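Q:
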Amino acid sequence: MSETVKQGAHKSYLEETGGRKGIFKWILSTDHKRIGLLYLYSIMTWFVIGVALGIMMKLELIAPGKTIMGAQAYNATFTVHGVIMIFLIVIPGLPAVFGNFLLPIQIGAKDVAFPKLNLFSWYIYVAGSILVVASLFAGGGPPDTGWTFYAPYSFKTGTNMLPAVVGAFVLGFSSILTGLNFLVTIHRLRAPGMTFMKMPVFPWTLYGTAWIQLLATPIVGITLLMVLGERIFNIGFFDPAKGGDPILYQHLFWIYSHPAVYIMILPAMGAISEIIPTFSRKTIFGYRFIVISTLAIAFVGYFVWGHHMFTSGMSGTALFTFSILTFIVAIPSAIKVFNWVATMHQGSILLKTPFMWAASFIFVFLIGGLTGLVLGALATNVHVHDTAFVVGHFHFIVFGGTGFAFFGAVHYWFPKIYGRMYDESWAKTGWLIFFIGYLALYGPMLYLGIKGMPRRYFDYLPEYHGPNILSSLGALVMVSGFLIILINLIRSARHGEKAEANPWGGTNLEWQISSPPSLENFDEIPTIDKATYKYD
Amino acid sequence: MYDISPENASNFVAGVDLAFVIILGVSVFFLVAITGVMIYFIRKYRRDKHPKAIQNEGSLKLELIWTIIPLLLVLVMFYFGWMGWKPMKTPPEDAMKVTAIARMWNFKFEYENGKLTDSLYVPVNQPVVLDLKALDVLHSLYIPAFRVKEDMVPGNIKQMWFIPGQVGSYDLFCTEYCGLDHSYMYTGVRVMAEEEFAEWMKDTTATAPAVDESMTPAQQGFEILKSNGCNACHSSDGSKLVGPSYRGIWGETQEVTTAGEKREITVDEEYIRRSIYDPNADIVDGFNKGLMLSYEGLVTEEEIDLIIEYIKSLDE
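Laid out in structure tokens, this is it:
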């Protein structure tokens, strides 16, 4: 092990510019850590836009009738909010930012297998993002189809669909190449002695994710091409007037987009599996079962897409199968939750901000998972499908799950990335406000959905007013918390106290090297002789 | 379980709500139990109280327990979900037939005697089967109180059925996003006593467009536009919606595209008639093809004359 590496013995990767200046030391560098940060900054930029759009929707819904915008503007807002959040933020999210920064370090490598390809993936990501965002401003107005682009409406609307669809298509390549890069890195570049079963959980979850990125993303690519063919050449794949079938589109879309949910959540589970042992100062409980459940989720996740379509008229046999598989895919997630809580048992728990995010992650992820059971069962699904309940459910999973894990990860690895500490008390204040606002924002949606309020409604009947007020106010509280968190992080990256190499007492390789790491991470590739998460 | 409907609003309420109670009950139990245990651990094993962790790498016994018990529980949930849903699949043969027609952005209901309404009227305690027909894009018919929902897919007529159990009025929504006025695409279900329904059913003219002879032709024209949902896309004040406004066009020259060729036309009777019966023949510059469907069979020639009177009246 390289525990002898002293803080500041080498120039850090942030000081190592390769002779380039200004922005070029970022956009021309193939260092996996700089690329991770490029993703972090681009994703945070889009996230601020996505949040702003979300707030506009909540303000519109604070009262029945028109509040701050008309129906067309509202429809465009929820579409662009969805497209930005899903395709630009949550799907690349943890793998692109923390996967890039940490994967090579955690497995004892100097970089990913294909560093140039890695930088190229970021360029593709930026190109795709710009196309998506351009759809807002160019042509016949921002797209208004919802992020799912359901046929046949998506071929009929006069709004600016093409750039958004082409953008999503381009983004897919970034995802595929990142997945490929990580797979090869994990297979080929693990340090001597690091067998698969000695690998930390975060790289394991990246491994599961990478397979999904590689195998599922081409399907959405082809589907989006079909949408283009439909719009430009009027082919009629999905147009009943020409013998096509709109339901075919839904199948193709969800064959990718359901596994994509696991692209979003698996690395989040990985980050939580790093944070909890470190702050409990205890080895992770049931390592093997966490790893197996990761692979099980990645595998079974391919076969449940039909649960997005329970009311679209599939056969009873298909519904039976998709419903039962959906329940089965819940089990590996439950196993993880039990193991995380068991890791805390008899630990020595330090209540720092990353741990607060991890513990609140478990709570909101449970709500997300358990409401998923309501959606997995046929009778209850029919009632709440396409209502506010679904919107609440997936925000609990995707924002409560991935988002909370992301914020936890940012705080946890912040000292490693910048070599400085964030301000603990501001970070905790921000977390608390955010958490309270979050529950007030999404909790009422579950209730509204059970009461029958459909989703994607610009206006609603007066009987739904009360919970909508709470939800809108919750959004404002949550954003205040978010701003505190963001300002604290930006300020601390420049002015925070200097961090030690291992401020939390973590056991994985990233904590055995200096903060921030040197350009090549390790002077010598370490040899691994014991299991991960060993505290003795 | 919750107050959106009486327990017997339809024959499915009991089965669906039983599944809700079981799933939500188990879920709330686990949410509270797991969170409670976690908070207990966090308080009990805080570093200042418990400075040295006791290492424990796992336990096969525990892993089996928390795999098998949840597995059994979810299979139970699956079972109740399936049982609650199964009866929705096959309508009884003697059910009363109504065709539900969805278009951007209204519902129409057509009864076997040709009666056409904007809301759904059904008799209590009698099975009703709806043939679901979408004319343009996807819609979805949802009656929360009855716990039923089915997507309406163009080119594919599907069915949904239920037995209303209680006289009263209920909401009916479109729940599949369908464009601009999706959130205004709702109407109601009126469940009537049997005799009342039979009486109502006899009069096939009662819900025809409320054309009142005392109105001027232009006013009648406006009522016809209203009852066909035209005003969702066409304004009377000159503002551009999904389609062109009625105002400021009569007798004017318009740039249109006909079969790919640009040409100029004058807005006259012939043009208005064509725009209603064959709306994609001439597309006015700045608007999109394919959004409007023909109203042939829905709007009569005489009604079009009244609509023309209304359009003329706007520019007088």
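Those protein sequence lines, which keep their order, are chains A and B. Just remember that our numbering sits 782 ahead of the position in the first sequence, which is counted from 1. Just remember that our numbering sits 1 ahead of the position in the second sequence, which is counted from 1. Each residue gets a CB set at the ideal place from its N, CA and C atoms; glycine is no exception. Given the structure is predicted, the values throughout are model-derived calculations rather than measurements.
So, helix, strand or coil for B:C175, using DSSP?
A: strand
Q: Report the partner residues of B:I266 according to the DSSP bridge assignment.
A: Residue pairing from DSSP places B:I266 in a beta bridge opposite B:Q255.
Q: Select from A:L1252, A:V983, A:P1041 and A:L1006 the residue whose C-alpha is nearest the C-alpha of A:E996.
A: Before going on, a small fix: residue 996 of chain A reads as Leu here, not Glu. Comparing Cα positions, the closest option is A:P1041.
Q: Taking B:Y46 as the query, report the chain A residues whose CB atoms sit under 8 Å from its CB, ordered along the chain.
A: S1062, M1126, H1127, Q1128, G1129, S1130 and I1131
Q: For B:H51, decide whether its Cβ has a neighbour in chain A, counting only Cβ atoms nearer than 8 Å.
A: yes
Q: Nearest chain B C-beta to A:I1094 closer than 8 Å, yes or no?
A: In the sequence on display, residue 1094 of chain A carries Ser and not Ile. So yes, A:S1094 belongs to the interface.
Q: Identify each residue in the stretch 52-77 of chain B for which the Cβ-Cβ distance to at least one residue of chain A is less than 8 Å, and report them in chain order.
A: P52, K53, A54, I55, Q56, N57, E58, G59, S60, L63, E64, W67, T68, P71, L72, V75 and L76
Q: DSSP three-state call for A:G1278: helix, strand or coil?
A: Collapsing the DSSP output to three states places A:G1278 in coil.
Q: Taking the beta strand (DSSP E) that B:T188 belongs to, which residues open and close that run?
A: Y187 to M193
Q: Taking C-beta pairs closer than 9 Å, name the residues in chain A that B:D172 reaches, listed in chain order.
A: G1234, L1243 and E1245
Q: Could you confirm whether any beta carbon from chain B is found closer than 8 Å to the beta carbon of A:H1165?
A: Taking a beta-carbon distance threshold of 8 Å, A:H1165 counts as an interface residue toward chain B.
Q: Nearest chain A C-beta to B:Y185 closer than 8 Å, yes or no?
A: yes
Q: Tell me where the alpha helix (DSSP H) around A:A1222 begins and ends.
A: E1206 to I1232
Q: Applying a beta-carbon distance threshold of less than 7 Å, which residues of chain A neighbour B:E177?
A: D1168
Q: When DSSP builds the beta bridges, which residues end up paired with B:A103?
A: B:F108 and B:A135
Q: I want to see whether chain B comes within less than 8 Å of A:A858, judged by CB atoms only; does it?
A: no
Q: Secondary structure at A:G1201, three-state DSSP: helix, strand or coil?
A: coil
Q: When the Cα atoms are used, what is the spatial distance from A:S1319 to B:R44?
A: Nothing can be reported for residue 1319 of chain A: it is not among the residues displayed for chain A, which extend from 783 to 1318.
Q: Which of the three DSSP states is assigned to B:Y143 in this structure?
A: strand
Q: Taking the C-alpha atoms as reference points, what is the distance between A:P1226 and A:T1065?
A: Using only the alpha carbons, I get a separation of about 38 Å.
Q: List the residues that DSSP assigns as beta-bridge partners of B:L121.
A: B:V190
Q: Report the residues of the stretch 5-20 of chain B with a CB closer than 7 Å to any CB of chain A, ordered along the chain.
A: I5, G16, V17 and A20
Q: Looking only at its chain, what residues have a beta carbon closer than 7 Å to the beta carbon of A:Y1204, apart from the 5 residues adjacent to it on each side?
A: H1193, F1196, N1270, L1271, S1274 and G1278
Q: Could you work out which residue in A:A973, A:R970, A:Y1315 and A:A1191 is closest to A:G1287 when comparing CA atoms only?
A: A:Y1315
Q: Please report how far the alpha carbon of A:W808 lies from the alpha carbon of A:R1276, in whole angstroms.
A: 17 Å
Q: Please list, in chain order, all residues of the same chain as B:L74 whose beta carbon is under 8 Å from its beta carbon, the five residues on each side excluded.
A: These residues qualify, in order along the chain: V27.
Q: Using the beta-carbon of each residue, which ones in chain E are nearer than 8 Å to A:F1102?
A: The question asks about chain E, but that chain is absent: this structure's protein chains are A and B.
Q: Can you grab the Cα-Cα spacing for the pair A:A1222 / A:T960, in whole Å?
A: 36 Å
Q: Using a Cβ-Cβ distance under 8 Å, would A:V1173 count as near chain B?
A: no
Q: Could you list the residues in the stretch 138-153 of chain B with a C-beta less than 9 Å from some C-beta on chain A, going in chain order?
A: V138, L139, S141, Y143, I144, P145, A146, R148, V149, K150, E151 and D152
Q: Grab me the residues of A:E842's own chain with a C-beta within less than 6 Å of its C-beta, minus the 5 sequence neighbours each way, in chain order.
A: T849, I850, M851 and Y856
Q: Measure the alpha-carbon distance for A:M839 versus A:D1241 and round it to whole angstroms.
A: Distance between the alpha carbons of A:M839 and A:D1241 is about 11 Å.
Q: Can you find a CB in chain B that lies within less than 8 Å of the CB of A:Y1239?
A: yes
Q: Does the beta-carbon of B:P145 have 16 or more other beta-carbons within 10 angstroms, so that it is buried, or is it exposed?
A: buried
Q: Does DSSP classify B:P93 as helix, strand or coil?
A: coil
Q: For the candidate residues A:Y932, A:I837, A:V948 and A:L1030, whose alpha-carbon lies nearest to that of B:C179?
A: A:Y932
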